[in-house]
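Okay, so the sequence shown: first residue is 0 according to numbering that gives the first Met the number 0, each after it adds one.
Let me begin by presenting the structure, written as structure tokens, before commenting on it.
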Amino acid sequence: MSPTIPDMTDRPDIVLDIERLTVNCNGNQEIMTELLQHLCQKSCPKWILGIEKGIQNKDSEAIREVCHGMKGACATIFAWRLSNIALEFEYLARDGDMLSIHNRMSELRQRFSEVDSVIKNDLVG
0 MSPTIPDMTD RPDIVLDIER LTVNCNGNQE IMTELLQHLC QKSCPKWILG
50 IEKGIQNKDS EAIREVCHGM KGACATIFAW RLSNIALEFE YLARDGDMLS
100 IHNRMSELRQ RFSEVDSVIK NDLVG
């Protein structure tokens, strides 16, 4: 069975939609900063570790669960590119395609790095 990758046409290819996040946070920069810092400092490292452990243990269900949570959390703060790749990984894990997940880990790390850069350059710096 070949993996079924979802159609991404309804999910924008945006690193971080700061305008939408600002609206959802009622313009409260403190809340935005807290959400984004939590994402970069706590959630992202935990998700990467969870996926790496799943790969090591050949546990596609554990990876699927991690990616499902990552997808939702990132969509909630409008980190679309990160949410999109989490959705792709979720489908790959569902289909048991561990090799594709393993081979795309650098791409996932790059998506995390993009969000972190936007936060540092556009919100902090």
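Note that the Cβ used here is the ideal one computed from N, Cα and C, for glycine as well.
Among the options, the one whose alpha carbon lies nearest that of residue i
{"i": "Ile50", "options": "Val65, Leu98, Gln40", "result": "Val65"}
{"i": "Glu89", "options": "Thr21, Ile17, Gly95, Arg63", "result": "Arg63"}
{"i": "Asn23", "options": "Lys70, Gly68, Thr75, Cys43", "result": "Thr75"}
{"i": "Arg10", "options": "Asn102, His101, Leu91, Lys70", "result": "Lys70"}
Whole-Å CB distance - residue i paired with residue j, under 8 Å assumed
{"i": "Leu35", "j": "Ile118", "result": "5 Å"}
C-beta atoms of residue i and residue j nearer than 8 Å
{"i": "Asp115", "j": "Cys39", "result": "yes"}
{"i": "Arg131", "j": "Ile47", "result": "In the structure as shown, the chain starts at 0 and stops at 124, and residue 131 therefore has no counterpart that could be examined."}
{"i": "Ile131", "j": "Glu113", "result": "With the chain covering 0 to 124 only, the question about residue 131 has no answer from this structure."}
{"i": "Cys73", "j": "Ser59", "result": "no"}
{"i": "Asp16", "j": "Phe77", "result": "yes"}
{"i": "Arg80", "j": "Asp12", "result": "yes"}
{"i": "Ala61", "j": "Gly53", "result": "yes"}
- Pairing CB atoms from the segment 23-32 with CB atoms from the segment 93-107, are three or more of them under 8 Å? no
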